[in-house]
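Undergrad: Protein chains in written order, with UniProt numbering: chain A, 1 to 229; chain B, 1 to 229.
Glycine is no exception: its CB is placed at the ideal position from the N, C-alpha and C atoms.
To start, I am sharing the structure in question, which I have written as structure tokens.
There are 2 protein chains.
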Amino acid sequence: MSFGDVATKAGGGGLPPNDGLGPLSDRLSLGVAARLSRYLQVLTQARKMGKETISSQELSEYTHVNSTQIRRDLSGFGKFGKRGVGYNVDSLVSQIRKILRTSGQHNIALFGAGHLGKAIASSDIFADHGFRVVAVFDQDPGKIGEQVGPATVRHVDDLRSVVDEEDIVVGVLAVPTAAAQELADKLVDAGVKIIFNYSEALLQVPPEVTVHTSSPAVDLLYALYFYLT
Amino acid sequence: MSFGDVATKAGGGGLPPNDGLGPLSDRLSLGVAARLSRYLQVLTQARKMGKETISSQELSEYTHVNSTQIRRDLSGFGKFGKRGVGYNVDSLVSQIRKILRTSGQHNIALFGAGHLGKAIASSDIFADHGFRVVAVFDQDPGKIGEQVGPATVRHVDDLRSVVDEEDIVVGVLAVPTAAAQELADKLVDAGVKIIFNYSEALLQVPPEVTVHTSSPAVDLLYALYFYLT
Chain A
1 MSFGDVATKA GGGGLPPNDG LGPLSDRLSL GVAARLSRYL QVLTQARKMG KETISSQELS
61 EYTHVNSTQI RRDLSGFGKF GKRGVGYNVD SLVSQIRKIL RTSGQHNIAL FGAGHLGKAI
121 ASSDIFADHG FRVVAVFDQD PGKIGEQVGP ATVRHVDDLR SVVDEEDIVV GVLAVPTAAA
181 QELADKLVDA GVKIIFNYSE ALLQVPPEVT VHTSSPAVDL LYALYFYLT
Chain B
1 MSFGDVATKA GGGGLPPNDG LGPLSDRLSL GVAARLSRYL QVLTQARKMG KETISSQELS
61 EYTHVNSTQI RRDLSGFGKF GKRGVGYNVD SLVSQIRKIL RTSGQHNIAL FGAGHLGKAI
121 ASSDIFADHG FRVVAVFDQD PGKIGEQVGP ATVRHVDDLR SVVDEEDIVV GVLAVPTAAA
181 QELADKLVDA GVKIIFNYSE ALLQVPPEVT VHTSSPAVDL LYALYFYLT
């Protein structure tokens with residue numbers, strides 16, 4: 001039994017041997033998009049710290065992705081690196097952002113148009129990483145039609161059709177604890193495999209579904225503990 | 001050089017040999033409050049999972065705090081445990097919450113009365129852990145006087161006096177990136193040693209100050225990477 005975040009790695013569906021990189025107009029596989037997103041996070045931080053070039057070896061140390069895999073991921077999109085010098089950080093950041101913005105296209109459905117939901121929906125970080133909050137739901141009928149970030153609030157009854165039409169891969173629950181399990185059930189029924197739970201509910205889901213439980217306040221307290229002791 | 005969250009452990013100020021436990025009417029030291037808060041997080045999760053009793057050894061495994069230290073922390077507040085059986089989870093949760101609510105009293109100043117700031121300020125988790133958002137600041141004059149969670153929005157010019165009067169131990173920055181460094185400077189000048197940074201700014205602070213950088217969107221993307229690869 002483990003405590004803290006209840007998270008089980010999503011099972012099945014390995015990457016095709018050629019990394020799943022098709023023509024640019026195809027959508028990137030989730031695995032590739034996720035790795036590119038991780039490189040982008042690290043590169044963005046490197047850039048902030050004034051680092052101008054980075055080698056695949058360094059990227060490997062920071063991301064814990066095998067450096068051969070990194071070079072393969074990045075080679076599929078054209079030449080970014082110079083042998084012996086490494087990749088230009090600025091250039092790589094722009095290129096990866098561009099690729100993720102155009103070919104990432106992995107969609108998020110958000111539940112809860114309260115403060116936290118609005119904070120998440122209006123974050124422009126997602127777009128850089130190829131993820132989009134394409135649908136927002138709230139059980140308050142008064143909020144239907146309201147603009148939240150890039151989306152308009154819809155009724156929870158539309159969940160199933162939205163998940164199908166928009167090919168939702170992640171459901172985010174920024175809702176009161178009492179509402180979370182029912183929404184999780186609906187997401188699971190609709191075929192969504194990854195759920196981010198910002199409530200305090202301990203969600204019951206089938207083994208092939210991943211639940212990540214977190215919240216800004218809990219994270220803050222958890223980190224405080226490590227800084228104060 | 002390390003990437004990701006830029007966090008340096010707060011230096012100096014060790015705990016007195018008797019754990020800093022004074023009479024209950026005294027405020028708990030930060031170290032003790034932080035450990036109790038950590039036990040409470042783990043115990044709350046244990047309770048959700050239906051666990052009725054827990055031993056100091058188990059608590060030690062989950063929190064990574066030495067079990068002798070745990071027994072010492074908990075013994076100072078009266079008998080919670082039964083030899084051979086362990087502590088009653090429900091009872092321990094109530095007792096620790098009560099202690100933290102009355103003797104925790106560690107205060108947080110929040111900057112930014114936008115969506116994320118409001119989400120953090122209105123979280124009732126802090127109170128259980130003995131932390132209180134006692135002050136909220138925003139640079140928009142139109143927001144001064146607005147109620148945000150348990151506090152009223154004040155002008156940033158009041159920062160110094162608020163930090164002194166309210167004995168602020170943590171500053172939380174839920175502000176646009178461009179505004180973060182200036183606020184961090186003000187917090188540091190006022191003597192605050194721990195800063196939670198929800199912006200994308202890479203903050204420059206003196207070595208004795210701890211900065212924890214995070215944001216719901218970044219955490220979501222980071223976790224997604226691990227679930228998808």
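#1: For residue 234 (chain B), count neighbouring Cβ atoms within 10 angstroms of its own Cβ and tell me buried if that reaches 16, exposed if not.
#2: Label Ala-174 (chain A) either buried or exposed according to how many other C-beta atoms from any shown protein chain fall within 10 Å of its C-beta, with 16 as the threshold for buried.
#3: Could you tell me whether any Cβ in chain A is nearer than 8 Å to the Cβ of Tyr-87 (chain B)?
#4: Using C-beta distances below 7 Å, list every residue in its chain close to Val-188 (chain A), excluding the 5 sequence neighbours before and after it, in chain order.
#5: Gln-188 (chain A) touches chain B at which residues, Cβ-Cβ below 8 Å?
#6: Among A:Gly-112, A:Leu-92 and A:Leu-228, which one has its Cα closest to the Cα of Phe-137 (chain A)?
#7: For Phe-196 (chain A), return the contacting residues in chain B, with the cut-off set at a CB-CB distance below 8 Å.
#8: Please name the residue in A:Ala-121, A:Gly-104, A:Gln-95 and A:Thr-53 whose C-alpha comes closest to that of Gly-84 (chain A).
#9: Taking 7 Å as the cut-off, is the C-beta of Ile-144 (chain B) nearer than that to any heavy atom in the ligand GTP?
#10: On the criterion of 16 or more Cβ atoms from any shown chain inside 10 Å, does Lys-82 (chain A) qualify as buried, or is it exposed?
#11: Count Cβ pairs between the segment 151 to 167 of chain A and the segment 122 to 130 of chain A that sit closer than 8 Å; are there 3 or more?
#12: Taking only runs that begin and end inside the UniProt domain "CoA-binding" (104 to 202) of chain A, name each unbroken alpha helix (DSSP H) of 4 or more residues, in chain order.
#13: Using DSSP's beta-bridge definition, name the partner residues of Val-211 (chain A).
#14: Would you say Arg-132 (chain A) faces chain B, with C-beta separation under 8 Å as the test?
#15: When you check each C-beta in the segment 196 to 211 of chain A against every C-beta of chain B, which residues fall closer than 9 Å?
#16: Give me, in chain order, the residues of the same chain whose beta-carbon lies closer than 8 Å to that of Lys-51 (chain B); leave out the 5 immediate sequence neighbours on both sides.
#17: Got a sec: is the Cβ-Cβ distance from Lys-118 (chain A) to anything in chain B below 8 Å?
#18: Look up Leu-228 (chain A) in the DSSP assignment and say whether it is helix, strand or coil.
#19: List, in order along the chain, the chain D residues whose C-beta lies closer than 7 Å to that of Phe-126 (chain B)?
#20: In whole angstroms, what is the alpha-carbon distance linking Gln-147 (chain A) and Leu-202 (chain B)?
#21: Under the DSSP definition of a beta bridge, which residues are partnered with Lys-82 (chain A)?
#22: How many angstroms separate the CA atom of Leu-116 (chain B) from the CA atom of His-115 (chain A)?
#23: Identify which residue in A:Ile-168, A:Glu-166, A:Ser-199 and A:Val-169 has its Cα closest to the Cα of Glu-182 (chain A).
#24: Using CA coordinates, which residue listed in B:Val-32, B:Leu-220 and B:Ala-184 is at the minimum distance from Arg-71 (chain B)?
#25: Taking Cβ to Cβ, would you say Ser-60 (chain B) is nearer than 8 Å to Asn-66 (chain B)?
#26: Cβ of Ser-120 (chain B) within 8 Å of Cβ of Val-172 (chain B)?
#27: Between A:Pro-150, A:His-129 and A:Leu-36, which lies nearest to Ala-135 (chain A) when the distance is taken from Cα to Cα?
#28: Report the rounded CA-to-CA distance for Gly-86 (chain B) versus Ser-56 (chain B), giving the unit in angstroms.
#29: Assuming the contact rule is C-beta atoms closer than 8 Å, His-106 (chain A) and Leu-36 (chain A) should be a hit. Round their C-beta distance to whole Å, please.
#30: Could you confirm whether any beta carbon from chain B is found closer than 8 Å to the beta carbon of Ala-34 (chain A)?
#31: Report back the beta-carbon spacing between Gln-41 (chain A) and Leu-221 (chain B) to the nearest angstrom; my notes put them in contact at under 8 Å.
#32: Can you grab the Cα-Cα spacing for the pair Pro-216 (chain A) / Pro-216 (chain B), in whole Å?
#33: Applying the 10 Å Cβ sphere with the 16-neighbour rule, what's the burial state of Asp-128 (chain B)?
#34: Can you list the residues of chain B that Arg-38 (chain A) reaches, using a CB-CB cut of under 7 Å?
#35: In this structure, what does DSSP give as the bridge partners for Thr-53 (chain A)?
#36: Here's the rule I'm using: 16 or more other beta-carbon atoms within 10 Å means buried, otherwise exposed. How should Thr-213 (chain B) be labelled?
TA: On the basis of the coordinates in this document:
#1: The structure shown does not extend to residue 234 (chain B), since chain B is modelled only from 1 through 229, so no value can be given for it.
#2: buried
#3: no
#4: Closer than 7 Å at the Cβ level, and outside the excluded window around Val-188 (chain A), lie Val-205, Pro-206 and Val-209.
#5: The question names Gln, but residue 188 (chain A) is Val in the sequence shown. The premise fails here: Val-188 (chain A) is roughly 15 Å from chain B at the closest Cβ pair, so nothing lies under 8 Å.
#6: A:Gly-112
#7: Leu-220 and Ala-223
#8: A:Thr-53
#9: Annotation note on the ligand GTP: not contained in the displayed structure, which lists no ligands.
#10: Within a 10 Å sphere around the beta-carbon of Lys-82 (chain A) sit fewer than 16 other beta-carbons, which makes this residue exposed.
#11: no
#12: 115 to 121, 125 to 128, 159 to 166 and 177 to 189
#13: A:Ile-195
#14: no
#15: For the segment 196 to 211 of chain A, the residues whose beta carbon sits under 9 Å from a beta carbon of chain B are, in order, Phe-196, Tyr-198, Glu-200, Ala-201, Leu-202 and Thr-210.
#16: Cβ neighbours of Lys-51 (chain B) beyond the five flanking positions: Val-89.
#17: yes
#18: helix
#19: As a matter of chain content, chain D is missing from the structure shown, whose protein chains are A and B.
#20: 31 Å
#21: A:Gly-86
#22: 6 Å
#23: The shortest Cα separation from Glu-182 (chain A) among A:Ile-168, A:Glu-166, A:Ser-199 and A:Val-169 belongs to A:Ser-199.
#24: B:Val-32
#25: yes
#26: In the sequence under discussion, the amino acid at residue 120 (chain B) is Ile, which differs from the Ser named in the question. Taking 8 Å as the Cβ cut-off, Ile-120 (chain B) and Val-172 (chain B) qualify as a contacting pair.
#27: A:Pro-150
#28: 7 Å
#29: That pair is no contact at about 11 Å.
#30: yes
#31: 7 Å
#32: Here the alpha carbons of Pro-216 (chain B) and Pro-216 (chain A) stand approximately 7 Å from one another.
#33: buried
#34: Those are Tyr-225, listed as they occur along chain B.
#35: A:Asn-88
#36: buried
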